[in-house]
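**Student:**
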Amino acid sequence: MTTRVTKPAIKSRTAKEWGRFVLYEGCTMPRRMVGSRYTTRFVLDKYNFDYLSLDDAKCCGAPVMRSGAEEESIKCRLYNLDLVKKEGVDQIVTACPGCGSQLKTEEAEKMGIHVYHLLEVLYDLAKNKELFQQAHMRPIPKLKITAHFPCHMHRGMLIDAHKMHEAIVTAFPNLEYIEMEDPDKCCGAGGGVRASQKELSYAIRRRKLECAEATGADIVLAACPFCELQIDEGLRTETKSGKRAITPQSLIAMFFRDIGEEVGKL
Amino acid sequence: MLGIWDEWNLFSAVAMVLASVPLLIMLYASVRGHEGTVLCMQCQQCVAVCPVRAEQPGKYMGPLGIEVMSRSGTKKRAEEGGLFSCTSCMSCVEACPRGLNVKHDMDRFRASLAKEGLGQMEPHKHIVHMASTYGNVFDKEPSKLPDITTQKNGIIKFLTGYAKITKYDDFKVGEDKGDN
Numbered sequence: 148m149t150t151r152v153t154k155p156a157i158k159s160r161t162a163k164e165w166g167r168f169v170l171y172e173g174c175t176m177p178r179r180m181v182g183s184r185y186t187t188r189f190v191l192d193k194y195n196f197d198y199l200s201l202d203d204a205k206c207c208g209a210p211v212m213r214s215g216a217e218e219e220s221i222k223c224r225l226y227n228l229d230l231v232k233k234e235g236v237d238q239i240v241t242a243c244p245g246c247g248s249q250l251k252t253e254e255a256e257k258m259g260i261h262v263y264h265l266l267e268v269l270y271d272l273a274k275n276k277e278l279f280q281q282a283h284m285r286p287i288p289k290l291k292i293t294a295h296f297p298c299h300m301h302r303g304m305l306i307d308a309h310k311m312h313e314a315i316v317t318a319f320p321n322l323e324y325i326e327m328e329d330p331d332k333c334c335g336a337g338g339g340v341r342a343s344q345k346e347l348s349y350a351i352r353r354r355k356l357e358c359a360e361a362t363g364a365d366i367v368l369a370a371c372p373f374c375e376l377q378i379d380e381g382l383r384t385e386t387k388s389g390k391r392a393i394t395p396q397s398l399i400a401m402f403f404r405d406i407g408e409e410v411g412k413l
Numbered sequence: 787m788l789g790i791w792d793e794w795n796l797f798s799a800v801a802m803v804l805a806s807v808p809l810l811i812m813l814y815a816s817v818r819g820h821e822g823t824v825l826c827m828q829c830q831q832c833v834a835v836c837p838v839r840a841e842q843p844g845k846y847m848g849p850l851g852i853e854v855m856s857r858s859g860t861k862k863r864a865e866e867g868g869l870f871s872c873t874s875c876m877s878c879v880e881a882c883p884r885g886l887n888v889k890h891d892m893d894r895f896r897a898s899l900a901k902e903g904l905g906q907m908e909p910h911k912h913i914v915h916m917a918s919t920y921g922n923v924f925d926k927e928p929s930k931l932p933d934i935t936t937q938k939n940g941i942i943k944f945l946t947g948y949a950k951i952t953k954y955d956d957f958k959v960g961e962d963k964g965d966n
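Taken in sequence, the protein lines are chains A and B.
Heads up: the first sequence at position 221 corresponds to 368 in this note's numbering, and the numbers run straight through without jumps.
Heads up: the second sequence at position 65 corresponds to 851 in this note's numbering, and the numbers run straight through without jumps.
Spelled out as structure tokens, the structure:
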């Protein structure tokens, strides 16, 4: 039986129309990719979203499922969905597609919980012309941007990654969006392969790095903390181009003039 | 000598046996929770798009192998064919003309192998142990999310890197920089 949810996303909403949601942070972002963790919260705060993060949230169960423990994985999923339900919130937003695709199931739908990726939130801001905040942003530098489409976002959560990345990047002046060849090809990190078979994982990554390099872009967007980790590490260690991979929210956060000041207040 | 009626009965009996083979396979697969796999027509569209198969053509069985082996329950061969090498990228799911969720079948098949001590490597066992014991797959500490204020140094390190690639040359922590 399939557990994929194929309903199309609803039309663009403003920050106010989004209403309250749970920001599900997963494991990788709050424990390894803390830069993206901070920029996710920073961006949501800047655009006045009403969200809460649950301290008791646990692993979504996706890596557990890939590791051969289906029952344990389902328990993890239901634990987190129950936690959200108890808060009386019916929306989850996550910046991790692995978590998103694990949580966005028929079980969640039956519980009345809708699961979204952060890219959908940013896309709505772009569509509503709210993303570029000239009054609060420094001059946007000339940058060429390409994007990797995370598998679990593009195919797992069934999000139109091409449309959303293009809209988000082109919402800013001076940014040029260049689509790489095979943007939706796997970066090699998922399925427990990076953890268990490094050589195979890196061999798959090589193709991704070649495609990213060929675009001549300065920055590779990876809307997944695990893909960000994998691709950024590859760009730093296997290429001499100086390109880096970051999440879309990190790119946007760095345009705000007061990000340095805000992080200083932590 | 068989009469025409007897010949007809014999033909019917043989036809019934032949027709029941796929049904029996379907029944066997569905008892084991792999009912979707019987729809696989082995068109190889999934094989053509699999990134792992492209890297290990002679070694990795690919999504088609996952479907066929999970249907027949050949676990040892699935372990040798690299069931735990799948990156779960779902390219095969997207490519399948019959809409089979190969990732779901793969997950379920991995679980049935793991129950018999097959396929799982140490990192997989570690992930399961960490998630079930500590509620996350990285840190051996209470399962609550780390307080973001305790991560300030790490965040600054990341942001300093982001500033370089976004041409934010005068980025400094604790100061309002950049003119509009």
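Virtual Cβ for every residue (Gly too), placed ideally from N, Cα, C.
As the structure is a prediction and not an experimental result, all values here were calculated from the model.
1. Taking the beta strand (DSSP E) that Ile260 (chain A) belongs to, which residues open and close that run?
2. Tell me whether Met311 (chain A) sits in a helix, a strand or coil according to DSSP, three-state version.
3. Taking all protein chains shown into account, do 16 or more other C-beta atoms lie within 10 angstroms of the C-beta of Asn966 (chain B), making it buried, or fewer, making it exposed?
4. Quick one: which chain A residues come within Cβ less than 8 Å of Pro932 (chain B)?
5. The alpha helix (DSSP H) that contains Ala294 (chain A), what's its start and end?
6. Nearest CA to the CA of Cys223 (chain A): which residue from B:Thr919, B:Val833, B:Leu904, B:Ile790?
7. Report back the beta-carbon spacing between Leu868 (chain B) and Lys889 (chain B) to the nearest angstrom; my notes put them in contact at under 8 Å.
8. With a CB to CB cut of under 7 Å and the five nearest residues on each side skipped, what residues in its chain are close to Arg184 (chain A)?
9. Closer than 8 Å by beta-carbon distance: list the chain A residues that pair up with Gly940 (chain B), in chain order.
10. Shorter than 8 Å from the beta carbon of Val888 (chain B) to some beta carbon of chain A?
11. What is the rounded straight-line gap between the Cα of Thr149 (chain A) and the Cα of Gln344 (chain A)?
12. CB Cys243 (chain A) to CB Cys206 (chain A), shorter than 8 Å?
13. Determine, using beta carbons only, whether His910 (chain B) comes closer than 8 Å to chain A.
14. Within 10 angstroms of its Cβ, does Arg352 (chain A) collect 16 or more other Cβ (buried), or is it exposed?
15. From what residue to what residue does the alpha helix (DSSP H) around Leu347 (chain A) run?
16. Going by DSSP, which residues form a beta bridge with Gln238 (chain A)?
17. Taking the alpha-carbon positions, what's the Lys901 (chain B) to Thr386 (chain A) distance?
18. Looking at the unbroken alpha helix (DSSP H) that takes in Arg184 (chain A), where does it start and where does it end?
19. Assign Gln830 (chain B) to buried or exposed, taking buried as 16 or more other Cβ atoms, counted over all protein chains shown, within 10 Å of its Cβ.
20. Can you pull out the residues from the stretch 852-875 of chain B whose beta carbon lies closer than 8 Å to at least one beta carbon of chain A?
21. Relative to the C-alpha of Gly335 (chain A), which candidate in B:Pro883, B:Thr823, B:Glu793, B:Ser877 has its C-alpha closest?
22. Starting from the Cα of Met327 (chain A), find the closest Cα among A:Val367, A:His264, A:Gly182, A:Arg188 and give me that residue.
23. How about Ser388 (chain A): is its C-beta nearer than 8 Å to some C-beta of chain B?
24. Return the CA-CA distance between Cys875 (chain B) and Thr936 (chain B), expressed in angstroms with no decimal places.
25. State the DSSP-derived secondary structure class of Met401 (chain A), mapped to helix, strand or coil.
26. Give me the chain B residues within the contact set of Gly303 (chain A), using Cβ-Cβ distance strictly less than 7 Å, ordered along the chain.
27. In the structure shown, what three-state DSSP assignment does Phe924 (chain B) receive?
28. Can you give the Cα-Cα distance for Glu841 (chain B) and Pro330 (chain A), rounded to whole angstroms?
29. Let's test the definition: count the other Cβ atoms within 10 Å of the Cβ of Asp955 (chain B) and tell me whether it reaches 16, buried, or not, exposed.
30. For chain A, is any of its Cβ atoms less than 8 Å away from the one on Phe797 (chain B)?
**Tutor:** According to the data block:
1. Against the first sequence, residue 260 (chain A) aligns to sequence position 113. Note, Ile260 (chain A): premise wrong, no beta strand (DSSP E); not H, not E.
2. For this step, residue 311 (chain A) is matched to residue 164 along the first sequence. Looking at Met311 (chain A) - three-state DSSP - the assignment turns out to be helix.
3. As a first step, residue 966 (chain B) is located in the second sequence; it is residue number 180 there, counting from the start. Residue placement at Asn966 (chain B) is flagged as unreliable, the pLDDT there being 41, under the threshold of 50; the coordinate-derived value follows with that caveat. With fewer than 16 other Cβ atoms within 10 Å, it is exposed.
4. Translated into positions along the second sequence, residue 932 (chain B) becomes position 146. What Pro932 (chain B) touches in chain A: Pro177, Arg178.
5. Taking the first residue of the first sequence as 1, we reach residue 294 (chain A) at position 147. From DSSP, Ala294 (chain A) is part of no alpha helix (DSSP H) but of the beta strand (DSSP E) over 290-295.
6. In the first sequence, counting from the first residue as 1, residue 223 (chain A) sits at position 76. Comparing Cα positions, the closest option is B:Thr919.
7. Indexing the second sequence from 1 puts residue 868 (chain B) at position 82. Indexing the second sequence from 1 puts residue 889 (chain B) at position 103. Sequence check: residue 868 (chain B) is Gly here, not Leu. At roughly 15 Å, the Cβ-Cβ gap does not stay under 8 Å, so Gly868 (chain B) and Lys889 (chain B) are not in contact.
8. Against the first sequence, residue 184 (chain A) aligns to sequence position 37. Contacts found: Glu172, Met176, Pro177.
9. For the purposes of this step, residue 940 (chain B) is taken as residue 154 along the second sequence, with counting starting at 1. Residues of chain A with a Cβ closer than 8 Å to the Cβ of Gly940 (chain B) are, in chain order, Val181, Gly182.
10. Translated into positions along the second sequence, residue 888 (chain B) becomes position 102. The beta carbon of Val888 (chain B) does not come within 8 Å of any beta carbon belonging to chain A, so the residue lies off that interface.
11. Position 2 of the first sequence, counting from 1, holds the residue named residue 149 (chain A). Position 197 of the first sequence, counting from 1, holds the residue named residue 344 (chain A). With a pLDDT of only 40 at Thr149 (chain A), under the threshold of 50, the placement of this residue in the model should not be trusted, and no figure is reported.
12. Here the question's residue 243 (chain A) lines up with position 96 in the first sequence. Here the question's residue 206 (chain A) lines up with position 59 in the first sequence. Against a cut-off of 8 Å, the Cβ pair of Cys206 (chain A) and Cys243 (chain A) comes out as no contact.
13. Translated into the one-based positions of the second sequence, residue 910 (chain B) becomes position 124. Output row for His910 (chain B): interface = yes.
14. Reading the first sequence from its first residue, position 205 is the one you call residue 352 (chain A). Under this definition Arg352 (chain A) is a buried residue.
15. Along the first sequence, read from residue 1 onward, the residue named residue 347 (chain A) stands at position 200. Segment 345-361, the alpha helix (DSSP H) holding Leu347 (chain A).
16. Mapped onto the first sequence, residue 238 (chain A) falls at position 91. Per DSSP, A:His261.
17. On the second sequence, residue 901 (chain B) is found 115 positions in, with the first residue counted as 1. On the first sequence, residue 386 (chain A) is found 239 positions in, with the first residue counted as 1. The straight-line gap separating the alpha-carbon atoms of Lys901 (chain B) and Thr386 (chain A) is approximately 41 Å.
18. Along the first sequence, one-based indexing puts residue 184 (chain A) at 37. Per DSSP, Arg184 (chain A) is one residue of the alpha helix (DSSP H) stretching across 181-193.
19. As a first step, residue 830 (chain B) is located in the second sequence; it is residue number 44 there, counting from the start. By the 16-neighbour rule on beta-carbons within 10 angstroms, Gln830 (chain B) is exposed.
20. The stretch 852-875 of chain B vs chain A, Cβ under 8 Å: Phe870, Ser871, Cys872, Thr873, Ser874, Cys875.
21. Stepping through the first sequence from its first residue, residue 335 (chain A) is reached at position 188. Considering only alpha carbons, the answer is B:Ser877.
22. Stepping through the first sequence from its first residue, residue 327 (chain A) is reached at position 180. Nearest to Met327 (chain A) by C-alpha distance, out of A:Val367, A:His264, A:Gly182, A:Arg188, is A:Val367.
23. Position 241 of the first sequence holds residue 388 (chain A). Taking Cβ atoms only, chain B never reaches closer than 8 Å to Ser388 (chain A), which makes this a no.
24. On the second sequence, residue 875 (chain B) is found 89 positions in, with the first residue counted as 1. On the second sequence, residue 936 (chain B) is found 150 positions in, with the first residue counted as 1. Those two C-alpha atoms are separated by around 34 Å.
25. Taking the first sequence and counting its residues from 1, one reaches residue 401 (chain A) at position 254. Note: Met401 (chain A) maps to coil in three-state DSSP.
26. Taking the first residue of the first sequence as 1, we reach residue 303 (chain A) at position 156. Met876, listed in chain order.
27. Sequence index remark: in the second sequence, residue 924 (chain B) carries index 138 (1-based). Coil.
28. As a first step, residue 841 (chain B) is located in the second sequence; it is residue number 55 there, counting from the start. As a first step, residue 330 (chain A) is located in the first sequence; it is residue number 183 there, counting from the start. Straight across, the Cα-Cα distance linking Glu841 (chain B) with Pro330 (chain A) is about 18 Å.
29. As a first step, residue 955 (chain B) is located in the second sequence; it is residue number 169 there, counting from the start. Residue burial annotation: Asp955 (chain B) is exposed, with fewer than 16 other C-beta atoms found within 10 angstroms of its C-beta.
30. On the second sequence, residue 797 (chain B) is found 11 positions in, with the first residue counted as 1. For Phe797 (chain B), no CB of chain A lies under 8 Å from its own CB, so it is not counted at the interface with that chain.
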